[in-house]
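Asks: Here the first sequence is numbered in full-length UniProt numbering, starting from 1 and rising by one per residue. Built from N, CA and C at the ideal position, the CB exists for glycine as well. Because the structure is a prediction, the values reported are computed rather than measured.
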Amino acid sequence: MPSSGQGPRVLYWFRTDLRLHDSPALAKALSLSPSALFPIFNWDPNYIYGHRVGINRFRFLLESLQDLSNEIKKLNGDSQLLLTRGAPQTRIRELCEKWQITHVAFEEDHNAYARHRDAAVVESLKAANIEVISQEGRHLYPIKEVLKNTKGQPPTSMSQLQKAVASLGDVAQPAETPTSLPSPCPPGSDKADIKKLFDLISDLSSYKEEVGTPDVDLNAAELGGQRKSGPDGEVTSYDTVAAGEKSKYKEEKSPFAVPTLASLGMEEPEVKLAEPIRGGTTEALRRLKKLTEDPAYLSTFAKPQTSPSTDPDAPSTTLLSPYIKFGCLGIRHYWHTVKETKKKHKGAKTDVPEGMEGQLLFRDMYAVCEAAVGDAFHGVRGNKISHYMDWYLPTVYDKDGKQVEPRPRGDDVSEERLRTFKEGQTGFPWIDALMRQLRMTGWIHHLGRHSVAAYLTRAQCWISWERGAEIFHEFLIDTDDASNDGNWMWLSASAFFSQYFRVYGLTTFPAKYDKHGYIVRKYCPELKDFPDKYIYAPHTAPKEVQEKAKCIIGKDYPFPVLDEKEEKKHCLDRCKAAYDSKLFGNSKEVLEGKAEGMLRKKHGVPDPKNFNYKENAANKIRARTGRRRRLLFPTPSTP
DNA sequence: AACCAGTTGGTGCG
DNA sequence: CGCACCAACTGGTT
1 MPSSGQGPRV LYWFRTDLRL HDSPALAKAL SLSPSALFPI FNWDPNYIYG
51 HRVGINRFRF LLESLQDLSN EIKKLNGDSQ LLLTRGAPQT RIRELCEKWQ
101 ITHVAFEEDH NAYARHRDAA VVESLKAANI EVISQEGRHL YPIKEVLKNT
151 KGQPPTSMSQ LQKAVASLGD VAQPAETPTS LPSPCPPGSD KADIKKLFDL
201 ISDLSSYKEE VGTPDVDLNA AELGGQRKSG PDGEVTSYDT VAAGEKSKYK
251 EEKSPFAVPT LASLGMEEPE VKLAEPIRGG TTEALRRLKK LTEDPAYLST
301 FAKPQTSPST DPDAPSTTLL SPYIKFGCLG IRHYWHTVKE TKKKHKGAKT
351 DVPEGMEGQL LFRDMYAVCE AAVGDAFHGV RGNKISHYMD WYLPTVYDKD
401 GKQVEPRPRG DDVSEERLRT FKEGQTGFPW IDALMRQLRM TGWIHHLGRH
451 SVAAYLTRAQ CWISWERGAE IFHEFLIDTD DASNDGNWMW LSASAFFSQY
501 FRVYGLTTFP AKYDKHGYIV RKYCPELKDF PDKYIYAPHT APKEVQEKAK
551 CIIGKDYPFP VLDEKEEKKH CLDRCKAAYD SKLFGNSKEV LEGKAEGMLR
601 KKHGVPDPKN FNYKENAANK IRARTGRRRR LLFPTPSTP
């Protein structure tokens with residue numbers, strides 16, 4: 001029990017809610033009138049080692065943490081965000097014991113890993129008689145209440161979601177923003193003392209004893225990571241990220257301080273954006289304020305009408321998704337700000353689903369679906385809403401149903417298509433520009449995501465949406481498990497959407513929005529001197545045009561890796577066969593591993609093992625020129 | 001043309 | 001008349 005006889009000693013655990021405003025969990029914690037408040041963010045080795053985190057997202061996270069710490073300091077000069085590290089299942093409880101915490105508070109996070117993590121943490125805290133305050137706050141509506149209204153069924157359309165939330169009333173008003181915060185006081189003291197808090201935990205066991213030696217080191221990036229090696233050549237991000245305890249390479253000023261990319265040995269990516277997407281709640285609110293100055297924009301916003309041929313320097317959308325992902329922007333605050341701003345507009349207004357509120361409701365829809373389907377939402381196997389399609393390069397399971405990692409290599413053709421997709425070297429400028437933009441900036445427009453997702457899955461490559469979701473998860477700043485996996489299911493016509501014959505043309509679709517090819521010229525600069533006529537299909541340009549543009553297709557830019565029309569035809573046949581089979585991720589045949597053979601036999605599409613990749617035109621040219629294209633924008637795959 | 005869920009409106013039956 | 005059934009139609013954020 002606490003030594004001081006005053007109010008509760010609260011540890012507030014920040015995770016994906018890096019803000020002080022519109023935070024129901026923080027408000028509830030503060031309503032207890034705590035005598036001490038310890039705002040922590042904990043580096044989870046699972047995040048550092050187990051997840052693929054692109055450098056743009058890692059940078060965004062560091063900036064968001066620094067900004068949050070500054071905001072805390074503004075309310076209490078003796079406080080700051082306290083960064084700790086360790087497996088949360090044991091570390092949170094250890095901190096509680098050392099700091100004599102009575103209550104732990106956090107905002108609920110519904111994604112699969114977070115659910116399991118939090119369940120374990122709560123159990124360890126309950127066993128130690130520590131009270132847990134957890135509140136929903138990441139979504140417009142309480143997910144559990146929505147789920148009750150659907151009787152546990154996933155709402156797979158906007159109308160179903162709207163039906164399910166109809167009885168829940170209006171979106172709650174944002175929780176009040178605190179105007180002061182209690183100090184983090186060491187046990188037995190009524191004064192903040194960061195150094196003393198540090199001393200109390202600096203002898204805690206090392207992460208290696210807690211989680212074992214990680215077998216994945218993200219710094220050994222396969223994609224040309226720019227990691228500087230440490231003094232002994234063995235430094236990992238986890239060592240350098242260390243805060244709140246002794247670290248070999250610690251350079252931070254204060255024991256719990258937020259590290260910088262440089263202190264982690266990571267170099268800034270080669271981003272040429274005029275205005276990079278900077279993390280932090282301050283930046284989120286600044287961007288939101290700018291939006292409120294343009295009621296017409298928010299009022300007439302129609303997602304399908306916004307151009308995908310845009311980047312963070314010239315966005316056609318709000319660019320707020322990264323801030324929502326990390327909780328820098330409170331979702332109810334955003335919702336009501338949009339509502340209020342729209343009142344100022346006199347003319348016609350867009351509504352759900354294409355209007356601004358609709359965009360946010362889709363996020364809730366995916367979250368409810370994820371909660372209804374459970375862990376299986378993140379793949380095909382066992383997923384009751386995902387059609388079974390006999391994709392190439394699917395996630396592989398052993399006979400006990402355990403995922404085989406790393407994924408065994410698939411057929412050469414599909415692996416090559418996946419590689420060129422990830423690197424932005426497919427020979428289709430629209431796809432390549434988007435994929436390079438993704439890696440350079442951590443963001444692409446929603447319709448651009450549609451284009452690349454359909455290309456990789458149901459329209460051309462017939463590669464599992466699971467592979468695409470992994471790539472997005474690695475490089476997007478705004479990645480959110482429920483929305484990311486949900487949208488990949490949507491675009492691959494696995495769930496939510498079934499009109500698989502609606503296929504985006506790789507040249508016609510972008511040309512509808514942008515004849516000049518803004519993002520192609522920016523992200524594939526080798527193509528920048530092509531005339532508009534050929535910008536989305538440079539391989540069709542006559543030799544003289546290629547020479548004049550100083551870009552020979554097959555030499556300076558790849559020839560398309562596949563035939564768009566031919567593959568589309570195959571894919572439509574495969575879609576039809578898959579739908580006719582009525583197999584879903586949770587069908588017996590799928591769980592028993594028999595589904596693939598069944599479908600291959602049925603639709604008669606050649607097994608990729610029999611594809612003769614050498615006949616591919618791009619490869620012919622590659623064989624002739626005798627060299628592989630070098631990556632133009634290698635983005636390090638460091639955390 | 002090709003999908004699918006939900007709604008509508010008609011028919012037949014008790 | 002009420003009800004079950006079914007065919008036709010509609011809408012689906014892009």
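1. For the segment 372-389 against the segment 581-596, are there 3 or more C-beta pairs whose distance is under 8 Å?
2. Rounded to the nearest angstrom, what separates Lys-399 and Ala-367 at their Cα positions?
3. Could you give the distance in angstroms between the alpha-carbon of Glu-567 and the alpha-carbon of Arg-574?
4. Could you give the distance in angstroms between the alpha-carbon of Arg-370 and the alpha-carbon of Gln-160?
5. Does Ser-247 pass the burial test, meaning 16 or more other C-beta atoms within 10 Å, or should it be called exposed?
6. Beta-carbon separation of Leu-81 and Phe-41 under 8 Å?
7. Spatial neighbours of Asp-351 within its chain, please: CB distance less than 8 Å, with the 5 preceding and 5 following residues excluded, ordered by chain position.
8. Rounded to the nearest angstrom, what separates Glu-354 and Leu-360 at their Cα positions?
9. For Arg-458 versus Cys-571, is the C-beta distance shorter than 8 Å?
10. Enumerate, from N- to C-terminal direction, the unbroken beta strand (DSSP E) stretches of 3 or more residues contained entirely within the segment 400-476.
11. Could you check whether Asp-390 and Arg-600 sit closer than 8 Å to each other, using their CB atoms as the reference points?
12. Using the beta-carbon count (16 or more within 10 Å), is Leu-273 buried or exposed?
13. Could you tell me which uninterrupted alpha helix (DSSP H) segments, each at least 4 residues in length, are contained entirely in the segment 97-167, listed from first to last along the chain?
14. Could you check whether the segment 396-416 touches the segment 519-532, counting it as contact only if at least three pairs of C-beta atoms, one from each stretch, sit closer than 8 Å?
15. Grab the span of the alpha helix (DSSP H) containing Trp-490 for me, first residue to last.
16. Could you give the C-beta distance for Thr-16 and Phe-326, rounded to a whole number, given that I count them as a contact under 8 Å?
17. Can you name, in chain order, every residue of its own chain whose Cβ lies under 8 Å from the Cβ of Lys-195, other than the five neighbours on each side?
18. If you follow the beta strand (DSSP E) that Ser-39 is in, where does it begin and where does it stop?
19. Report all residues from its chain with a CB closer than 7 Å to the CB of Ala-578; omit the five preceding and five following residues, and keep chain order.
20. So Phe-362 is in the alpha helix (DSSP H); what residue range does that whole segment cover?
21. In the structure shown, what three-state DSSP assignment does Thr-292 receive?
22. With distances taken from CA atoms, which of Thr-337, Leu-264, Leu-37 and Leu-147 is nearest Ala-192?
23. Can you tell me where the alpha helix (DSSP H) with Val-545 in it begins and where it stops?
24. CB Ile-331 to CB Leu-140, shorter than 8 Å?
25. Please work out which residues of its chain come closer than 7 Å, Cβ to Cβ, to Thr-156, disregarding the five sequence neighbours upstream and downstream, and give them in chain order.
26. Thinking C-alpha only, which one of Arg-467, Gln-425 and Thr-292 is nearest Arg-407?
27. Based on Cα-Cα distance, which residue from Ile-477, Arg-417, Trp-99 and Asn-487 lies nearest to Gln-460?
28. For a minimum of 4 consecutive residues, which ranges assigned as the alpha helix (DSSP H) are wholly contained in the segment 497-577?
29. Give the single residue among Gln-153, Ser-321 and Trp-13 whose Cα lies nearest to the Cα of Glu-108.
30. What is the DSSP secondary structure of Arg-278, counted as helix, strand or coil?
31. Closest to Phe-475 by CA distance: which of Arg-436, Asp-375 and Glu-275 is it?
32. Based on DSSP bridge pairs, tell me the residues matched to Tyr-397.
33. With C-beta atoms as the reference, is Ala-454 less than 8 Å away from Tyr-504?
34. Could you tell me which of Val-452, Tyr-518 and Val-122 sits nearest to Ala-314, measuring between CA atoms?
35. Use the C-beta contact count for Ile-133: other C-beta atoms within 10 angstroms, 16 or more gives buried, fewer gives exposed.
36. Between Thr-102, Lys-73 and Tyr-113, which lies nearest to Gln-89 when the distance is taken from Cα to Cα?
Replies: This is what the structure holds:
1. In this structure the segment 372-389 touches the segment 581-596; the number of beta carbon pairs closer than 8 Å is three or more.
2. As a working mapping, residue 399 is identified with position 399 in the first sequence. As a working mapping, residue 367 is identified with position 367 in the first sequence. Distance between the alpha carbons of Lys-399 and Ala-367 is about 30 Å.
3. Here residue 567 refers to the residue found at position 567 when the first sequence is read from its first residue. Here residue 574 refers to the residue found at position 574 when the first sequence is read from its first residue. Roughly 10 Å between the two C-alpha positions.
4. One-based indexing of the first sequence puts residue 370 at position 370. One-based indexing of the first sequence puts residue 160 at position 160. One detail in the question is off: residue 370 reads as Glu in this sequence, not Arg. In a straight line, the C-alpha of Glu-370 is about 15 Å away from that of Gln-160.
5. Here residue 247 refers to the residue found at position 247 when the first sequence is read from its first residue. Bear in mind that the predicted position of Ser-247 carries a pLDDT of just 44, short of 50, making it too unreliable to give a figure here.
6. Numbered from its first residue, the first sequence carries residue 81 at position 81. Numbered from its first residue, the first sequence carries residue 41 at position 41. Closer than 8 Å, so yes.
7. Counting from 1 along the first sequence, the entry for residue 351 is found at position 351. Correct list, in chain order: Glu-357 and Gly-358.
8. Here residue 354 is taken as the residue at index 354 of the first sequence, counted from 1. Here residue 360 is taken as the residue at index 360 of the first sequence, counted from 1. For Glu-354 and Leu-360, the distance between alpha carbons rounds to 10 Å.
9. Taking the first residue of the first sequence as 1, we reach residue 458 at position 458. Taking the first residue of the first sequence as 1, we reach residue 571 at position 571. Yes, the Cβ-Cβ distance between Arg-458 and Cys-571 is below 8 Å.
10. Within the segment 400-476, no beta strand (DSSP E) run of at least 3 residues lies entirely inside it.
11. Stepping through the first sequence from its first residue, residue 600 is reached at position 600. Stepping through the first sequence from its first residue, residue 390 is reached at position 390. In contact: Arg-600 and Asp-390 (Cβ atoms closer than 8 Å).
12. For the purposes of this step, residue 273 is taken as the residue at position 273 of the first sequence. Result: exposed.
13. 112-127, 143-149 and 158-165
14. In short, these stretches do not touch, since the Cβ pair count stays below three.
15. Your numbering for residue 490 matches position 490 in the first sequence. First-last of the alpha helix (DSSP H) with Trp-490: 481-491.
16. Locating residue 16 in the first sequence gives position 16, where the first residue counts as 1. Locating residue 326 in the first sequence gives position 326, where the first residue counts as 1. About 6 Å; that satisfies the 8 Å criterion.
17. Along the first sequence, read from residue 1 onward, the residue named residue 195 stands at position 195. Residues Pro-255 of the same chain have their beta carbon placed closer than 8 Å to that of Lys-195, with the five preceding and five following residues left out of the count.
18. Numbered from its first residue, the first sequence carries residue 39 at position 39. Reading the sequence as shown, one finds Pro at residue 39 and not Ser. Element bounds for Pro-39: 36-43.
19. Taking the first residue of the first sequence as 1, we reach residue 578 at position 578. The answer, listed in chain order, is His-387, Tyr-388, Met-389, Asp-390 and Leu-599.
20. As a first step, residue 362 must be located in the first sequence, where it is residue number 362. Its alpha helix (DSSP H) spans residues 356-373.
21. Taking the first sequence and counting its residues from 1, the one referred to as residue 292 is at position 292. Residue state, collapsed to three classes: helix.
22. In the first sequence, residue 192 corresponds to position 192, counting from 1. If we check each option's Cα against that of Ala-192, Leu-37 comes out closest.
23. Counting from 1 along the first sequence, the entry for residue 545 is found at position 545. Residues 543-548.
24. In the first sequence, the residue the question calls residue 331 occupies position 331. In the first sequence, the residue the question calls residue 140 occupies position 140. For Ile-331 and Leu-140, yes; Cβs fall inside 8 Å.
25. For the purposes of this step, residue 156 is identified with residue 156 of the first sequence, where counting begins at 1. For Thr-156, where only same-chain residues beyond five positions count, the Cβ hits under 7 Å are Cys-369, Ile-385, Ala-495 and Phe-496.
26. Locating residue 407 in the first sequence gives position 407, counting from the first residue. Comparing Cα positions, the closest option is Arg-467.
27. Within the first sequence, residue 460 is the residue found at index 460, counting from 1. Considering only alpha carbons, the answer is Arg-417.
28. 508-513, 518-523 and 543-548
29. Locating residue 108 in the first sequence gives position 108, where the first residue counts as 1. Nearest of Gln-153, Ser-321 and Trp-13 to Glu-108, Cα basis: Trp-13.
30. Reading the first sequence from its first residue, position 278 is the one you call residue 278. Of the three classes helix, strand and coil, the one that applies to Arg-278 here is coil, per DSSP.
31. Stepping through the first sequence from its first residue, residue 475 is reached at position 475. Of the candidates Arg-436, Asp-375 and Glu-275, the one whose C-alpha sits nearest the C-alpha of Phe-475 is Arg-436.
32. In the first sequence, the residue the question calls residue 397 occupies position 397. Gln-403.
33. For this step, residue 454 is matched to residue 454 along the first sequence. For this step, residue 504 is matched to residue 504 along the first sequence. A distance below 8 Å separates the beta carbons of Ala-454 and Tyr-504.
34. As a working note, residue 314 is residue 314 in the first sequence. Selected option, being the one with the closest Cα: Tyr-518.
35. Taking the first sequence and counting its residues from 1, one reaches residue 133 at position 133. Its Cβ being crowded by 16 or more others within 10 Å, Ile-133 is buried.
36. As a first step, residue 89 must be located in the first sequence, where it is residue number 89. Measuring from the Cα of Gln-89, the nearest candidate turns out to be Tyr-113.
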